[in-house]
Structures are given as structure tokens and as C-alpha cells.
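Engineer:
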């Protein structure tokens, strides 16, 4: 069962942003070599420029104690454990936030060290997931992957989707084939993703929550997209089509928001004024706009319901200054999301 | 005196018009969830983005199909067009005009007052919508739920106007 808890998003988002900044410190320290990561570096620079809430850097949320951890060789707590990596979802290893961050930073450097299968970090996560699955079952392993994703341990939603396959018990081509032919499984997972998406659309109350919610469902959506791709079954093909569009719309949302960082009223221009940028906002036919915005919100994955409601409310009450609220989001959060979603090579 | 009578007629016509518009809005909203699955016909494999106008026409086609079944009333135009539509001509939806579809359903409702729902015809209406929606790509798992919702909403609005 996919659990999207937007109410706890504030602390998670803070941790997420903090992670980006800590990561930036590691990468900027010059200790690690990271070739071919121009996309990543580009967003790292944006973090520096756009970081506005410095106090968040010092925030240590109690929730961090429940964060996932993968210990690596060289980590100073190594003497406490006898494994190369370690994870216990139920009875987690107790560490301080500082120790957790240190472990995270040590681990993160491994994203840039190549192994025969890709990079060391990915190999370690895969081993940790398989270990977790063997010890605690599929559900714990799936939660583990989702938790690693939300705490910034995995880069790239395609990578996260690949790692989910281990959590679902896929160890071979044969297992993958079996899962692909399980129509009920695909429908069930698709329904969960669709419900989660509808839940986010209906309940989020800010663009931060909207971006965060879309980020959270990314790996699961891509996992089922991959599983349903190229199926001969017409009904599975329909599932694949909608997941394809959700993925494309999500990237659209990220980049439309990013565009609005360059051009302040961009989102308002794009969705409210439409193609006619010179149009006076007072001349807009609100009832026609309502139909268009609801179309964007319900049929597509572009706008959450709160955004549509607020836009119409401001326009009806002729509070045109209020519209600027619709463009507000944490730019550092967006950069972190884009950076993590797109992965090390900018491809996801 | 003349003005008062005119105004009553206007009010009556406006109320029929708003009823058509309410039914259209309801069906359109229900079909929004179908948007991402839409295809022109079962052979259509393109994954394009459905336009708002196509969805509006699809909801009007649905209304033109269902109201005659539910009420037992029709116009020649609706009868002919529905027959053509169900003959499943490729891309037929693109040849339909929103204005014509709106006009005919409005005509049906205003010319045949009072219109009443025939409860025995609900199943027939359900299968007609199911056939239409499946043709346009609705997933089998969802088609019954969407069709029931449409029949229920249309019946409700018409019954409300009866009372």
C-alpha cells in the first residue's frame, strides 16, 4: 500500500533540502571526482544561488531518527556492526542525526565511483534491499526503497524504479517475466498510484506539497510503467499509456515551475493568460477559464485543485495582486527534486 | 402584458437551456477521468493529448445517445446520427458539430415536455454507454462505474426537473 502523507511533508521537505545542501558541501569539498555530471552540477550551483532559508540548515527533525541508513566501509561506527551495509526497518539502529548525516555523506560519494554494474552506491543499495527483503519480506523492502528515495539516498527515478524491482522479489529475467504477466498485480499497483495521485491533487495546499507529492510517486509510477511497457494486452497497454503521460506531465510541472524562477509570473501567464501574454487579466472570461483549468487539473497532471480554486477565487474577487501567491514555492526544493529525479546523468 | 408573457417564455427556455448545460457539465466532468485513455477508435494506437473540444463533443454524443434511450424520445437528427455513430465509422467524432449536438438535445428537451425517465430502460442505457466508451478506449475495469455514474446523474437531473 503506497502511503503518501502530505501532512508530514514539512519536516521531510526540510530534511530533503538539508540533504541537498549537505551533498553540495561534500561535492564542493573537492575530495571527490565526479565526471560527466554536468546536469547535477548545474543544479548544485542553483542551490547556492537560490537558497533562501538558511535556518533550515540547522534544523534537525526528530523524524530523522526514523530515516533509513546504509552503513559503508570506512564509516566510523563500523566497529558496532559486522556487515558492510546494514538496515533494520522495524528495530532500527540508533544513531544521532550527525552520525546519520556523516553516513549519508560517506555513502553519497559512492554515487560517483564506478563499479562493474554502474556505481558502487547503486550496488550497495541493491544489496541492502535484497538483504532487507530476505529478512523482513517484500513490504518492508518496498518501504525501504521509498524511504531511501524520500531521504535523498537514490539519484534518478529510473534508478529508483530499477531498485524497486529487487524489493518486489525480482532476482532474474524469469521473475521479471512472471511479474509482467501478472495482470492483477499491474492493475492493483496502477490503482494505488492513481489513488495516490488523486489524493495529492485534491489535498495538497501549496506548490511545495504538489512538487513533493509528484516526486514521491515517481519511482513507483516508473516501475509499473516499465512493467507494463510493450504488453500485447490492450488493457495493460492503457495502463502504460496513462503512466507515460503522468511521467511526462510531472517533468512538465518541474520545468514549468523552473521557468517561473526565471520569469516571475510564468505559471500565471501560462495557465491563466494562455497563449496571449499581452491579454489584460481583467478581460479573462472566468467561466471559460474554469473549464480549462479543471481540464488541466483533472485530466492532466499539471495543476492541483487548490491552485485552480485559488486562481478562480482571486479572479472572481478581482484580487489580481493575490494571484502572485500562485507562483510561490521553495526554489531550493524544486532544484533538489529536479536534481534527484533526473539522476546522475540527467536522464532519470 | 406582452412583455410579462415574453419574460415567462424566456425564463422557461432559460431553464431548459440551463438543464442541458447542467447535464453536459456533469457528463463532461465524469468523462474527464477518461481523457487519458481516449482513442478515436479501437485501431487507433496514437498516444496523443485529447483536446478539450473533443471531450466536450464526446460528452454531448453520450448525452444524445442516452437521453433518448432513458426517455423513449428522440428527434430524427439524433436517431440518424446515433445510428451512424454506432456504425463505428473511423474518426466520426471529428465530423460532429458541438453546436448541432447541443441544439438537438435542447430541442428534444423543450419539444417533449414533460420528459420522464423510464426506469426499465436504465440497463439498456448502461450498455449503450459502455459500448461507446469502450470504443473510445475506456478501460474495461472502469467502464461500468463510469456508465453508472453518467446514467445516475442524467436521471437525477431530469427527475429533479419533473418534480
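Chains as they are written, first to last, in the numbering used here: chain A, 1368 to 1715; chain B, 2 to 164. Think of the CB as a built atom: it goes at the ideal place given N, C-alpha and C, for glycine as much as any other residue. Remember, it's a predicted structure, so these values are computed and weren't measured experimentally.
1. Quick one: give me the first and last residue of the alpha helix (DSSP H) that residue 1309 (chain A) is part of.
2. Could you have a look at residue 1529 (chain A) and say whether DSSP puts it in helix, strand or coil?
3. In the DSSP assignment, the alpha helix (DSSP H) including residue 1553 (chain A) goes from what residue to what residue?
4. Is it true that the region 1591-1599 of chain A meets the region 1547-1557 of chain A, where meeting means three or more beta-carbon pairs spaced less than 8 Å apart?
5. Buried or exposed for residue 1605 (chain A), please, with buried defined as at least 16 other CB atoms from any protein chain shown within 10 angstroms of its CB.
6. Looking at the structure shown, is residue 1486 (chain A) part of a helix, part of a strand, or coil, going by DSSP?
7. For residue 1622 (chain A), does the count of other Cβ atoms within 10 angstroms reach 16, so buried, or fall short, so exposed?
8. Run through DSSP, which three-state label would residue 117 (chain B) get?
9. What residues in its chain sit with their C-beta under 6 Å from that of residue 72 (chain B), if we drop five residues either side in the sequence?
10. Can you pull out the residues from the region 1601-1614 of chain A whose beta carbon lies closer than 7 Å to at least one beta carbon of chain B?
11. Does DSSP classify residue 44 (chain B) as helix, strand or coil?
12. Which residue comes first and which comes last in the alpha helix (DSSP H) that contains residue 60 (chain B)?
13. At the 8 Å Cβ level, is residue 145 (chain B) part of the contact set with chain A, yes or no?
14. Tell me the rounded alpha-carbon separation between residue 146 (chain B) and residue 1469 (chain A).
15. Do residue 58 (chain B) and residue 102 (chain B) count as a contact pair if the criterion is CB distance below 8 Å?
16. Using CA atoms only, rank isn't needed, just tell me which of B:133, B:111, B:54 and B:34 is closest to residue 19 (chain B).
17. Is the CB-CB distance between residue 63 (chain B) and residue 119 (chain B) below 8 Å?
18. By the criterion of Cβ-Cβ separation under 8 Å, what are the contact partners of residue 156 (chain B) in chain A?
19. In this structure, does DSSP put residue 1436 (chain A) in helix, strand or coil?
20. Consider the Cβ of residue 1 (chain B): report whether some Cβ of chain A lies at a distance smaller than 8 Å.
21. With DSSP collapsed to three states, give me the class of residue 1599 (chain A).
22. If you check the beta carbons only, do residue 1578 (chain A) and residue 1591 (chain A) fall under 8 Å apart?
23. Inspect the beta-carbon positions of residue 60 (chain B) and residue 32 (chain B) and report whether they are closer than 8 Å.
24. Less than 6 Å between C-beta atoms, sequence neighbours within five positions excluded: which residues of the same chain meet that for residue 98 (chain B)?
25. Specify the secondary structure class of residue 138 (chain B) as computed by DSSP and reduced to three states.
26. Between which two residues does the alpha helix (DSSP H) carrying residue 1698 (chain A) extend?
27. Could you list which residues in chain B have their beta carbon closer than 9 Å to that of residue 1659 (chain A), in chain order?
28. Compute the distance between the beta-carbons of residue 1530 (chain A) and residue 1584 (chain A), then report whether it is under 8 Å.
29. Residue range of the alpha helix (DSSP H) that residue 107 (chain B) falls in?
30. Identify, in the order they occur along the chain, each residue of the same chain with its Cβ nearer than 7 Å to the Cβ of residue 1707 (chain A), setting aside the five sequence neighbours on each side.
31. By DSSP, does residue 1573 (chain A) sit in helix, in strand, or in coil?
32. For residue 156 (chain B), collect the residues of the same chain with a Cβ closer than 8 Å to its Cβ; drop the 5 residues on either side in sequence, then sort them by chain order.
33. Shorter than 8 Å from the beta carbon of residue 1666 (chain A) to some beta carbon of chain B?
34. Within the same chain, show all residues whose beta-carbon is closer than 6 Å to that of residue 1557 (chain A), passing over the 5 residues directly before and after it, in chain order.
35. Quick check on this structure: which residue in A:1536, A:1629, A:1702 and A:1697 has the alpha carbon closest to the alpha carbon of residue 1574 (chain A)?
Structural biologist: Inspection of the coordinates gives the following:
1. An answer regarding residue 1309 (chain A) cannot be provided, because it is not within the stretch 1368 to 1715 covered by chain A.
2. For residue 1529 (chain A), the secondary structure class from DSSP, reduced to helix, strand or coil, is helix.
3. If you look at residue 1553 (chain A), you'll find it in the alpha helix (DSSP H) that goes 1550-1570.
4. Short answer: they touch.
5. Residue 1605 (chain A) comes out buried.
6. Here residue 1486 (chain A) sits in strand by DSSP.
7. Within a 10 Å sphere around the beta-carbon of residue 1622 (chain A) sit fewer than 16 other beta-carbons, which makes this residue exposed.
8. Three-state DSSP puts residue 117 (chain B) in coil, outside helix and strand.
9. Annotation for residue 72 (chain B): 116 place their beta carbon closer than 6 Å to its own, counting only its chain and skipping 5 residues before and after.
10. Cβ proximity to chain B below 7 Å picks out 1602, 1605, 1608, 1609, 1611 and 1612 from the region 1601-1614 of chain A.
11. Correct three-state label for residue 44 (chain B): coil.
12. Run containing residue 60 (chain B): 53-72, per the alpha helix (DSSP H) assignment.
13. Contact of residue 145 (chain B) with chain A is not assigned, every C-beta pair being separated by 8 Å or more.
14. When rounded, the distance between both Cα atoms is 52 Å.
15. A contact, by the Cβ cut-off of 8 Å.
16. Residue B:111 is the option with its Cα nearest to residue 19 (chain B).
17. Annotated as distal: residue 63 (chain B) and residue 119 (chain B), with beta-carbon spacing of 8 Å or more.
18. In chain order: nothing, as chain A lies at least about 23 Å away.
19. Shown here, residue 1436 (chain A) sits in coil according to DSSP, grouped into three states, outside any helix or strand.
20. Missing from the structure shown is residue 1 (chain B); chain B here goes from 2 to 164 and no further.
21. Coil at residue 1599 (chain A), not helix or strand.
22. In this structure, residue 1591 (chain A) does not lie closer than 8 Å to residue 1578 (chain A) by Cβ.
23. Contact flag set, yes.
24. Here the set comprises nothing.
25. In the three-state scheme derived from DSSP, where H, G and I count as helix and E and B as strand, residue 138 (chain B) is classed as coil.
26. Run containing residue 1698 (chain A): 1698-1709, per the alpha helix (DSSP H) assignment.
27. Neighbours of residue 1659 (chain A) on chain B, chain order: 53.
28. No, Cβ-Cβ distance for residue 1530 (chain A) and residue 1584 (chain A) is not below 8 Å.
29. Counting along the chain, the unbroken alpha helix (DSSP H) around residue 107 (chain B) starts and ends at 99-112.
30. Closer than 7 Å at Cβ, skipping near neighbours: 1519 and 1522.
31. In the structure shown, residue 1573 (chain A) sits in coil (DSSP, three-state: anything other than H, G, I, E or B).
32. Within the same chain, Cβ atoms closer than 8 Å to the Cβ of residue 156 (chain B) are found at 71, 118 and 123, the five residues on either side in sequence being excluded.
33. With its beta carbon less than 8 Å from one in chain B, residue 1666 (chain A) belongs to the interface.
34. The answer, listed in chain order, is 1591 and 1606.
35. When A:1536, A:1629, A:1702 and A:1697 are compared, the shortest CA-CA separation from residue 1574 (chain A) is found for A:1697.
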